[in-house]
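Numbering (our numbering), first residue to last: 119 to 631. This report concerns only the one structure given below.
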Ligand code: AHR
């Protein structure tokens with residue numbers, strides 16, 4: 119039996135839960151757009167061709183902001199291809215994913231979809247093959263009310279009102295040799311600074327995200343952030359980060375401790391940004407945008423090992439199946455711990471986007487002319503987006519630990535917690551990383567009096583199945599949430615038992631004491 123003691127204190131808060139950390143990502147990649155969010159022939163299609171079943175699941179998931187249109191795709195994309203009469207839009211080769219892009223779906227369609235999904239748009243610009251001019255023109259097209267060539271073109275194309283996009287990504291993964299238009303830190307830093315300046319000349323109200331490292335193992339990690347911010351500190355608001363994790367060679371212990379790397383990555387980027395702040399005598403802080411994160415088994419098209427080798431397949435297809443990972447119970451527990459890491463760092467991580475929304479390494483799956491369904495990883499996201507409200511509470515955890523080959527040792531019980539003073543609720547998001555043992559957890563609620571448990575649910579392997587159980591067309595949604603029994607509260611103390619390898623959410627009614 120594992121044991122863990124967690125303490126929270128009403129006075130020890132980290133900051134307001136940033137709603138934008140419940141973001142997602144829609145890329146023109148595989149079947150994320152076509153047959154994912156958009157399928158005009160589908161039986162649930164809206165008059166604009168959006169899949170209503172996928173829209174419903176997006177809303178149920180509680181997604182707050184969606185990054186678009188890529189990803190690697192954006193580094194070779196002309197935004198102008200995706201606007202104007204659909205029958206006049208060019209068909210193009212997308213080199214990033216070796217796909218035939220019809221451009222049937224573009225900015226106007228995405229803006230309409232975002233309204234229906236009730237999400238904020240986070241628009242990425244192409245700083246791979248393009249530069250300052252295309253960037254500022256896109257801001258003018260999207261955000262200027264009217265009376266100029268580009269803003270009037272938007273109106274002519276059907277959008278009388280500006281899209282009013284606040285959040286912009288200055289390119290994507292330009293530190294990666296696989297990226298179209300890969301750059302050195304100095305090349306990118308200068309370009310990002312100039313693009314940011316010109317974009318703000320058009321619309322001073324926008325918020326800008328500079329490209330950071332594609333993961334913490336990149337050879338330029340650290341140096342990249344330092345150089346880019348040295349060039350662009352005054353012009354940007356956020357530094358981006360990306361990270362994907364997966365179970366390698368059956369090493370489940372390390373995989374389950376992936377959030378240790380996420381913690382390290384976040385804390386290192388915060389330290390680097392703050393070092394540039396000190397050296398440059400800047401006043402403002404740069405916050406973080408973790409705008410791609412998830413579990414990804416790094417298998418590519420047609421079973422290739424490396425996703426970036428997709429370009430070698432030699433066949434150009436429209437929306438092929440690409441990296442449609444099927445997620446199991448272990449993956450859901452890891453996703454829960456990654457969300458915990460993001461939430462615990464909510465004083466600096468202000469934006470986060472799970473990559474991606476549908477079909478491509480996604481919590482939602484859909485079949486062409488068929489159903490849509492929730493993968494296992496849907497649940498930790500959906501419940502945290504629903505219940506993590508108000509203040510993030512600092513958690514002090516004393517837990518039995520596990521040694522891992524990749525990430526050193528980690529707490530067997532992982533937690534994050536929030537306090538919604540307005541509604542008198544505290545919420546706890548817990549994971550038991552132990553593969554074999556249950557965990558006895560005791561929570562000391564200092565400064566709170568808890569009156570009743572209002573929600574207690576757990577995600578665990580279904581009856582008779584193991585940790586590799588998934589949801590697919592044959593199994594149905596067998597991996598999901600069920601009630602967590604026996605959560606006891608007694609004033610300022612809560613006790614519960616987490617089953618082996620599980621993720622759980624507990625919400626309690628509290629008053630300040
Ligand atoms: O999300 C899939 C891909 O992963 C994105 O296009 C890219 O930015 C990253 O390498």
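From the three backbone atoms N, C-alpha and C, an ideal C-beta is built for every residue, glycine too.
For the ligand AHR, any of its heavy atoms closer than 7 Å to the Cβ of residue 147? Along the chain shown, read from residue 1 onward, the residue named residue 147 stands at position 29. Residue 147: yes, Cβ under 7 Å from the ligand AHR.
Within 10 angstroms of the Cβ of residue 629, are there 16 or more other Cβ atoms? Answer buried if so, exposed if not. Reading the chain shown from its first residue, position 511 is the one you call residue 629. With fewer than 16 Cβ atoms within 10 Å of its Cβ, residue 629 is classed as exposed.
For residue 385 and residue 436, I'd like the C-alpha separation in whole angstroms. Within the chain shown, the letter at position 267 stands for residue 385. Within the chain shown, the letter at position 318 stands for residue 436. Across the structure, residue 385 and residue 436 are spaced so that their CA atoms are roughly 40 Å apart.
Assuming residue 484 and residue 164 form a contact by the criterion Cβ under 8 Å, report the distance between their Cβ atoms to the nearest whole angstrom. The sequence position of residue 484 within the chain shown is 366, counting from 1. The sequence position of residue 164 within the chain shown is 46, counting from 1. Contact doesn't hold; Cβ gap of about 14 Å is too wide.
For the ligand AHR, is there any heavy atom lying closer than 7 Å to the beta carbon of residue 474? Within the chain shown, residue 474 is the residue found at index 356, counting from 1. True, at least one ligand heavy atom lies under 7 Å from that Cβ.
Leaving aside the five residues before and after residue 423 along the sequence, list all residues of the same chain whose C-beta is less than 6 Å from its C-beta, in chain order. As a first step, residue 423 is located in the chain shown; it is residue number 305 there, counting from the start. Low confidence applies here, because residue 423 scores a pLDDT of 47, under 50, leaving its location unreliable; read the following figure in that light. No residues qualify anywhere along the chain.
Report, in whole angstroms, the separation of the C-beta atoms of residue 122 and residue 516, which I expect to be a contact under 8 Å. The count along the chain shown starts at 1 and reaches residue 122 at position 4. The count along the chain shown starts at 1 and reaches residue 516 at position 398. Their Cβ separation, rounded to whole angstroms, is 7 Å, which keeps residue 122 and residue 516 in contact under 8 Å.
C-beta contact flag for residue 387 and residue 406 at 8 Å: Residue numbering aside, residue 387 sits at position 269 when the chain shown is read from its first letter. Residue numbering aside, residue 406 sits at position 288 when the chain shown is read from its first letter. When the beta-carbon positions are compared, residue 387 and residue 406 come within less than 8 Å of each other.
By how many angstroms is the C-alpha of residue 542 removed from the C-alpha of residue 119? Here residue 119 is taken as the residue at index 1 of the chain shown, counted from 1. Here residue 542 is taken as the residue at index 424 of the chain shown, counted from 1. Distance between the alpha carbons of residue 119 and residue 542 is about 33 Å.
Measuring from the CB of residue 191, is there a heavy atom of the ligand AHR at a distance below 7 Å? Translated into the one-based positions of the chain shown, residue 191 becomes position 73. Flag set: Cβ of residue 191 near the ligand AHR.
Please find out if some non-hydrogen atom of the ligand AHR comes closer than 7 Å to the beta-carbon of residue 477. Counting from one through the chain shown, the residue named residue 477 turns up at place 359. No, Cβ of residue 477 sits at least 7 Å from all heavy atoms of the ligand AHR.
Report all residues from its chain with a CB closer than 7 Å to the CB of residue 415; omit the five preceding and five following residues, and keep chain order. Position 297 of the chain shown, counting from 1, holds the residue named residue 415. Apart from sequence neighbours up to five positions away, the residues of its chain that approach residue 415 with a beta-carbon distance below 7 Å are 364 and 443, ordered along the chain.
Which listed residue (540, 261, 610 and 534) has its alpha carbon closest to that of residue 280: Here residue 280 corresponds to residue number 162 of the chain shown, with the count starting at 1. Of the candidates 540, 261, 610 and 534, the one whose C-alpha sits nearest the C-alpha of residue 280 is 261.
When we look at the beta-carbon of residue 474 and count the other beta-carbons within 10 Å, is it buried (16 or more) or exposed? Translated into positions along the chain shown, residue 474 becomes position 356. Per the 10 Å Cβ criterion, buried.
With DSSP collapsed to three states, give me the class of residue 542. For the purposes of this step, residue 542 is taken as the residue at position 424 of the chain shown. Assignment of residue 542 by DSSP, reduced to helix, strand and coil, places it in the coil class.
For residue 552, which residues from the same chain have a beta carbon less than 6 Å from its beta carbon, with the 5 sequence-adjacent residues on both sides left out? Working through the chain shown from its first residue, we reach residue 552 at position 434. The answer, listed in chain order, is 120, 530 and 618.
Do residue 622 and residue 601 have their CB atoms nearer than 8 Å? Locating residue 622 in the chain shown gives position 504, where the first residue counts as 1. Locating residue 601 in the chain shown gives position 483, where the first residue counts as 1. No, they are not a contact pair.
Which residue comes first and which comes last in the alpha helix (DSSP H) that contains residue 179? The residue given as residue 179 occupies position 61 in the chain shown. Taken as a continuous stretch (DSSP letters only), the alpha helix (DSSP H) holding residue 179 covers 170-179.
So what does DSSP say about residue 523, is it helix, strand or coil? For the purposes of this step, residue 523 is taken as residue 405 along the chain shown, with counting starting at 1. Of the three classes helix, strand and coil, the one that applies to residue 523 here is coil, per DSSP.
Could you tell me which of 156, 370 and 251 sits nearest to residue 554, measuring between CA atoms? Residue mapping note: residue 554 aligns to position 436 of the chain shown, counting from 1. For residue 554, the closest C-alpha among the options 156, 370 and 251 is that of 370.
Given residue 572, which residues of its chain have a CB within under 8 Å of its CB, disregarding the five upstream and five downstream residues? Numbered from its first residue, the chain shown carries residue 572 at position 454. Cβ neighbours of residue 572 beyond the five flanking positions: 543, 625, 626 and 627.
Taking C-alpha atoms, which residue in 586, 525, 148 and 338 lies nearest to residue 493? The residue labelled residue 493 in the question sits at position 375 within the chain shown. When each option's Cα is compared against that of residue 493, the closest is 586.
Helix, strand or coil at residue 224 [DSSP, three-state]: Here residue 224 refers to the residue found at position 106 of the chain shown. Coil at residue 224, not helix or strand.
Considering residue 630, what are the terminal residues of the alpha helix (DSSP H) in which it resides? As a first step, residue 630 must be located in the chain shown, where it is residue number 512. Premise fails: residue 630 lies in the beta strand (DSSP E), 620-630, not in any alpha helix (DSSP H).
Where does residue 598 fall in DSSP's three states? Stepping through the chain shown from its first residue, residue 598 is reached at position 480. Assigned with DSSP and collapsed to three states, residue 598 falls in coil, not helix or strand.
Indicate the three-state DSSP secondary structure (helix, strand or coil) for residue 403 in the structure shown. Sequence index remark: in the chain shown, residue 403 carries index 285 (1-based). In the structure shown, residue 403 adopts coil according to DSSP, grouped into three states.
Could you tell me if the beta carbon of residue 291 falls within a distance shorter than 7 Å of some heavy atom in the ligand MG? Ligands displayed in this structure: the ligand AHR; the ligand MG is not among them.
Would you say residue 610 touches the ligand AHR, meaning its beta carbon is less than 7 Å from a heavy atom? For this step, residue 610 is matched to residue 492 along the chain shown. It does not: the Cβ of residue 610 is nowhere closer than 7 Å to a heavy atom of the ligand AHR.
Buried or exposed: which applies to residue 177, given that a residue is buried once 16 or more other Cβ atoms fall within 10 Å of its Cβ? For the purposes of this step, residue 177 is identified with residue 59 of the chain shown, where counting begins at 1. Exposed, because fewer than 16 other Cβ atoms sit within 10 Å of the Cβ of residue 177.
Could you compute how far the alpha carbon of residue 513 sits from the alpha carbon of residue 495? Taking the first residue of the chain shown as 1, we reach residue 513 at position 395. Taking the first residue of the chain shown as 1, we reach residue 495 at position 377. Counting only the Cα atoms, residue 495 lies some 24 Å from residue 513.
Compute the minimum distance between the beta carbon of residue 407 and the heavy atoms of the ligand AHR, and state whether it is under 7 Å. Sequence index remark: in the chain shown, residue 407 carries index 289 (1-based). Answer for residue 407: no, Cβ out of range of the ligand AHR.
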